[in-house]
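**Q** Have a look at this one before I ask anything.
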């Protein structure tokens, strides 16, 4: 009898042991399966390789694609004609355009650095002896000038609206470039009308 009573206890103990072993065997499998189903977060190295594979366009590359070069060209013949009519009886002592332009065009190209590809519409010769060592030329792509101090400069038409233009009876100033001339006020009027045309 003593053997029969003790036998079920041994069986229970054996079952619990077996169930404990079963749980211990099952749990690692469940961990592995749950780890396999969970999405893994990309590591720093994975992110770096992904970003290298498909780079996003930066602001600079987008601007480089959309920005167009400023190659504004103008035919200012009509503006010069309208401007000269407004001058009426006011004579211009040092400005050449129209039929008298040919007197100064060659000297202006040499002194102001006007390329042969440019058409010249107007020349201001602000020298006493007519050498064009100071003055300006209004051309197809912009203004070519040499100020009274001898500094040469060119201004594209697209950039003219950003320039300040001032004049009095004896001086024309475009930004810091100053040209001593009796035609300063008249030319400032013309340049301001061109600015308005470009700005729209």
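Numbering (my numbering), first residue to last: 1195 to 1394.
Note that CB positions come from ideal geometry on N, CA and C, so glycine has one too.
Need the endpoints of the alpha helix (DSSP H) that residue 1392 sits in, please.
**A** 1378 to 1393
**Q** Give the single residue among 1339, 1345 and 1383 whose Cα lies nearest to the Cα of residue 1360.
**A** 1383
**Q** Short of 6 angstroms in beta carbon distance, which residues of its chain neighbour residue 1370, apart from the five on each side in sequence? Order them along the chain.
**A** none
**Q** Across the region 1373 to 1382 and the region 1291 to 1303, are there enough close Cβ pairs to call them in contact, namely three or more that are closer than 8 angstroms?
**A** no
**Q** Grab the span of the beta strand (DSSP E) containing residue 1337 for me, first residue to last.
**A** 1336 to 1340
**Q** Using the Cα positions of residue 1333 and residue 1363, report the straight-line distance between them to the nearest angstrom.
**A** 24 angstroms
**Q** Quick check on the DSSP output: the beta strand (DSSP E) that includes residue 1347 runs from which residue to which?
**A** 1346 to 1350
**Q** How is residue 1231 classed by DSSP in three states: helix, strand or coil?
**A** Confidence at residue 1231 is low in this model, with a pLDDT of 48, below 50, so the placement of that residue should be treated as unreliable; the coordinate-derived value is given next. Here residue 1231 sits in helix by DSSP.
**Q** Please report how far the alpha carbon of residue 1302 lies from the alpha carbon of residue 1392, in whole angstroms.
**A** 24 angstroms
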